[in-house]
Amino acid sequence: MSWIFLLLGVMAEALSHVALKATDGFTRPLPAAMVILGHLTAFIFLGQAMKGMPVGVVHALWAGMAIVTVTLLSALFYRQHLDMTAWVGMLFVALGVVMINLSQGHSH
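Taking the working numbering, the leading residue of the sequence shown gets 4, the next gets one more, and so forth.
Below is the structure:
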């Protein structure tokens, strides 16, 4: 269940970060409410994920997966595209997430 909560937390945070651009400096109420609700939801799910996984592992996986997810969603919603160097960096982030998942530190 920890992985499900972690993935839900990543999605909630990623969507709230993408909505942050639409707030126009928090002058638009609906996107601003989405940002606040998304972050609150993300922290609730991450707290649940930490019941079964170490804090450092949850945080590292959350951060890495959120970086990649926000980048992909911003390309989809805002047509923001990155150069090859940035995508290589994203690959390193993704590989880091895989390495953390495969490490012995993942278990209690």
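Virtual Cβ for every residue (Gly too), placed ideally from N, Cα, C.
The residues F48, in chain order, have a CB closer than 7 angstroms to that of L11 in the same chain once the five nearest residues on each side in sequence are set aside.
The region 72-90 and the region 14-26 touch, with no fewer than 3 CB-CB distances between them shorter than 8 angstroms. When DSSP states are grouped into helix, strand and coil, Q83 belongs to the coil group. DSSP places M14 inside the alpha helix (DSSP H), whose first and last residues are S5 to A25. Around T44, the same chain offers A15 as residues with beta carbons nearer than 7 angstroms, after the five sequence neighbours per side are excluded. Under the DSSP assignment, M37 falls in the alpha helix (DSSP H) whose first and last residues are P32 to A52.
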